[in-house]
Each structure stands twice: as C-alpha cells, then as structure tokens.
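Notes follow the structure.
Residue numbers (the working numbering): 2 to 490.
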C-alpha cells in the first residue's frame with residue numbers, strides 16, 4: 002500500500018532550508034522521466050500539498066553530454082511528448098526544455114529555484130547526473146532533495162558493494178520485504194488538488210523557451226538543428242512512458258510464459274525489451290514488478306523463507322517468472338549498488354583482484370586477430386555471429402542479451418590489451434545502445450572481464466582464469482538461423 006515516500010529514499014543535497022514564502026515547489030525531472038510510479042514526483046506532490054503551493058515540473062534535455070545523438074535525444078523527446086499529455090489538465094505546470102546548443106540551459110535551474118520553496122530531483126548513481134546534481138546543489142539557495150526511485154531496494158539500504166550476484170541475492174532475500182511493502186503511488190496526482198500556476202515569468206520563458214507542441218508531436222524536426230551526432234540515427238523503437246507500458250503489457254501477455262525456455266535464443270525474440278524504458282526512467286521497476294506479480298496472484302508472505310542466495314525458489318512463483326525476476330531485480334540492482342558504492346565503477350581498476358591479476362598475466366599473449374576500433378564498429382571481422390550482433394547494435398540500438406556476452410568476450414580476445422577492450426566496449430555500447438550509460442550496462446561490460454564472476458578453469462591464453470566463450474559453442478547452444486539472416490552481411 003503506497004503511503005508517504007520512505008525517508009530512506011530521500012537525501013538532502015545541500016544544507017539550505019525550505020523557503021516557505023516561495024511561490025511553488027519545483028521538481029527537476031532528470032532520471033525518472035514519468036508521471037506514474039515515481040517516488041520523486043510523489044515527494045514533490047507531498048511537499049506542494051504540505052506548503053499549499055503549485056507544482057512545477059522541469060524536464061530538460063542537454064545537448065553537450067557525451068554520446069548525445071539523434072537516437073538518444075529522439076527517445077527522450079518521445080517521453081517528453083507523453084509527459085506533456087500526462088500533466089495537461091492536472092494543474093501541474095510542465096516545463097519541457099531542450100538546449101539548442103551546449104550550455105544554453107545554464108542558469109535555468111537557478112532562475113527557477115529563486116522563487117521555489119524547494120527543489121526535488123532524482124537520485125541516480127551513474128553517468129554525468131551525479132556531477133550535475135552536485136554542481137546544482139552548490140549553486141542553489143534553497144533546499145535540494147534527491148529521491149531514489151531506482152529499484153525495489155533503496156540504494157541506502159545496503160552499506161557495501163557486493164562481489165557476486167549470489168551474495169547480493171542473499172542480502173535481498175533477507176532484507177527486501179519491508180521495502181516491497183512501501184511502493185510508490187501508481188498515480189501521485191490522483192485526488193490531489195493543488196494551487197495552479199499558469200505560466201512562468203516572461204523573461205525566463207523568453208530566455209529559455211519551452212519545447213513547442215509541434216516539436217513534441219513530431220510535426221517539427223528539432224533534432225537536425227541540434228549539435229548532436231546525427232550519424233547515430235533513430236531506431237524503430239519509440240520511447241516514452243506510454244510505449245513502455247505497452248511493451249510491458251506485450252511481454253506479460255505474449256512472452257513471459259516461455260521466457261525461461263526461450264530468452265537465450267536470438268531467433269525466438271523472447272527478451273522483454275524493457276531495458277531502454279527502465280534506463281530512461283519511462284518505466285518504473287515497481288510497476289513492472291507489480292504487473293507481473295499481479296498475474297501470479299502473489300503476496301509478499303512467501304518472501305524470506307529461503308535465504309540461501311539461490312536464484313530459484315525464493316519468490317514462490319513459476320520458474321519462468323523467477324528467471325525474469327533474477328534479471329530484473331538481482332542483476333539490475335546489483336549494478337546500481339556498485340555504482341552507488343564505488344566511484345570507480347567504470348574504471349578498469351574496479352575489477353576484482355583475481356581478475357586483474359590473471360588478465361595482467363596474459364596481457365601480452367598473442368592475439369589470433371587484432372581489429373581496430375573502426376573495424377569493430379563497422380562489423381568487419383571474420384566472425385559472422387559477432388558481426389551480426391554488432392549490426393543489431395548499429396541498427397536497433399540493442400544486442401540480444403546472450404549474444405552481448407559473446408560480443409564482449411570476442412572484443413577482449415581481439416584487442417591489444419584488456420584495458421583497450423574495456424574502452425572499446427564502453428564506447429560502442431554507450432554510443433549506440435538505447436540502454437547504454439546505465440548501471441546495468443556497466444555490469445554487463447565488466448562481467449566480461451570478471452566482475453561478479455569467479456575464476457574459471459582451465460586457464461587459457463588471453464583470458465587467463467576469466468570465463469571464456471566461443472562463437473562455435475554459441476552456435477551449438479542457441480538458435481541463430483533467422484537472426485543471422487536478419488543481421489548477416
């Protein structure tokens with residue numbers, strides 16, 4: 002049952018007080034880009050009710066961040082269009098803003114905050130967002146609160162990082178239940194009547210004009226005039242909370258029953274497709290969990306009976322649902338925990354000591370092939386399966402989950418050093434993948450090099466004791482015929 006936002010999910014980013022004479026409460030929407038199942042929006046609504054003030058929602062889109070492209074901008078713009086429809090008629094003033102050039106939005110948040118009682122924003126542990134929020138906290142003269150809506154487990158609930166999925170799963174089995182009993186409100190605005198503010202000061206909206214409805218509805222192509230990478234084109238996937246919910250519904254209706262059996266086979270198209278919507282905050286993990294468990298008739302009573310760290314049997318639902326929940330909860334939130342606990346989460350030195358040692362011992366081993374970044378980027382290797390996976394990334398902004406592991410292992414094998422391999426994986430993934438630049442993505446990339454894994458035998462050239470994968474074994478294990486026809490040369 003949703004109530005107030007749990008205190009464990011709220012932290013103050015500065016020491017300034019709430020200005021009770023302010024004109025509105027400001028929600029700076031930077032990670033949880035949705036109007037439902039959103040603890041941060043819920044907190045902003047709570048404070049607006051308490052202070053009897055209007056609510057302003059600022060959703061901005063920077064142009065100067067690394068890897069900015071038509072693909073990523075377009076996906077976010079889809080969500081802004083959804084959010085404009087979502088807030089219309091609610092009494093909330095929704096203010097969408099896109100930088101026309103790098104730095105154009107500088108000063109906007111500070112200007113808006115001058116008349117705010119307080120600013121509420123999203124607590125996200127990855128990419129440029131923590132630094133951006135820290136800079137804002139130093140500049141604002143009113144309280145800045147950050148709200149964690151990242152996972153079922155609050156980030157603050159774990160005081161250390163975990164080296165394996167097994168150890169983190171065991172922690173979840175022992176500690177998750179109380180947090181499941183305090184989910185976000187599905188609709189934080191339901192039944193809420195707030196004072197209304199119709200517009201912002203003219204000088205502010207003139208200097209930082211909000212995105213027009215023509216742009217949000219796709220009538221005007223704003224992307225072509227922005228200083229972003231136009232070579233990384235949009236995919237067929239549409240972004241936004243509305244599409245995210247449709248993808249979730251299709252997954253539950255059409256794919257969940259066979260997920261455990263089929264999701265590793267590229268030919269079967271059994272993956273959920275939810276990761277981009279989770280990454281951009283268009284979909285909440287709480288909503289995904291709720292909708293799936295609703296179909297199972299599940300109650301929390303079963304949780305906590307098994308605390309061995311085993312991946313199956315601890316939820317008390319069908320094995321296919323258990324398999325999906327292990328990806329959605331254990332593996333996804335393990336990555337978020339790492340990003341919160343380790344500032345060096347994206348650095349080679351963050352690998353476990355055993356992996357650093359074995360990779361270093363084999364760093365000078367001869368490579369069977371050495372490919373340049375350009376050859377890898379354009380899928381020009383001798384390996385048809387690898388090339389197909391890279392072409393899927395280029396065209397669709399994703400790689401099939403099973404093939405993503407092989408994709409990374411081969412980059413390690415074909416690069417001059419493990420450090421070079423890591424740099425290539427991060428660049429390709431973050432540049433092209435819709436779900437890149439995410440804690441879960443860094444988990445997948447670093448798993449290639451031994452994070453969250455253990456030492457394996459026999460010891461091999463290049464890999465040492467890091468887990469090995471081959472295209473030949475992959476071709477024997479999974480069904481690939483239609484996949485290769487689609488993404489082959």
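Quick reminder that beta carbons are idealized off the backbone N, C-alpha and C, glycines included.
Check: Beta-ladder partner(s) of residue 419, from DSSP; Outcome: Paired residue(s): none; residue 419 is not in a bridge.
Check: Between the CA atoms of residue 231 and residue 75 - distance to the nearest angstrom; Outcome: 11 angstroms
Check: Extent of the continuous alpha helix (DSSP H) to which residue 507 belongs; Outcome: Any property of residue 507 remains undetermined from this structure, which presents the chain solely from 2 to 490.
Check: Boundaries (first-last residue) of the beta strand (DSSP E) holding residue 56; Outcome: 56-62
Check: Simplified DSSP assignment, three categories, for residue 137; Outcome: helix
Check: Close-in-space but distant-in-sequence residues of the same chain around residue 243 (CB under 7 angstroms, 5 per side omitted); Outcome: 83
Check: Closest by C-alpha distance to residue 250, when choosing among 296, 217, 466, 115; Outcome: 296
Check: Close Cβ partners of residue 545 (< 6 angstroms) along its chain, the five nearest in sequence each way excluded; Outcome: Within the shown structure, residues of the chain are numbered from 2 to 490, placing residue 545 beyond reach of any answer.
Check: Alpha carbon of residue 442 to alpha carbon of residue 62, nearest angstrom; Outcome: 21 angstroms
Check: Spatial distance of residue 2 from residue 421 (CA atoms); Outcome: With a pLDDT of only 48 at residue 2, under the threshold of 50, the placement of this residue in the model should not be trusted; the figure read from the coordinates follows. Spanning the two alpha carbons is a distance of roughly 49 angstroms.
Check: Pair within 9 angstroms by beta-carbon distance, residue 407 and residue 268; Outcome: no
Check: Cβ-Cβ separation, residue 169 to residue 402 (assumed contact under 8 angstroms), whole Å; Outcome: Contact doesn't hold; Cβ gap of about 19 angstroms is too wide.
Check: Buried versus exposed call for residue 22 [16 or more other C-beta atoms within 10 Å across all chains shown]; Outcome: exposed
Check: Buried versus exposed call for residue 419 [16 or more other C-beta atoms within 10 Å across all chains shown]; Outcome: buried
Check: Neighbour-count burial assignment, residue 197, 16 or more Cβ in a 10 Å radius; Outcome: exposed
Check: Local conformation of residue 99 per DSSP, three classes; Outcome: strand
Check: Where residue 185 falls, given that 16 or more other Cβ within 10 Å makes a residue buried; Outcome: buried
Check: Cα-Cα separation, residue 472 to residue 366; Outcome: 20 angstroms
Check: Three-pair Cβ contact test at 8 angstroms for the segment 92-111 versus the segment 200-212; Outcome: yes
Check: Beta bridge counterpart(s) of residue 12 as assigned by DSSP; Outcome: 147
Check: Coil, strand or helix - residue 438 by DSSP; Outcome: coil
Check: Cβ neighbour criterion (16 or more within 10 Å) applied to residue 228; Outcome: exposed
Check: Supposed contact pair residue 20 and residue 235 - C-beta distance, whole angstroms, cut 8 angstroms; Outcome: At roughly 41 angstroms, the Cβ-Cβ gap does not stay under 8 angstroms, so residue 235 and residue 20 are not in contact.
Check: Reduced DSSP secondary structure (H/G/I, E/B, other) of residue 2; Outcome: Note that residue 2 scores 48 on pLDDT, short of 50, meaning its location in the model is unreliable; the coordinates nonetheless yield the value given after this. DSSP places residue 2 in coil when its eight states are reduced to three.
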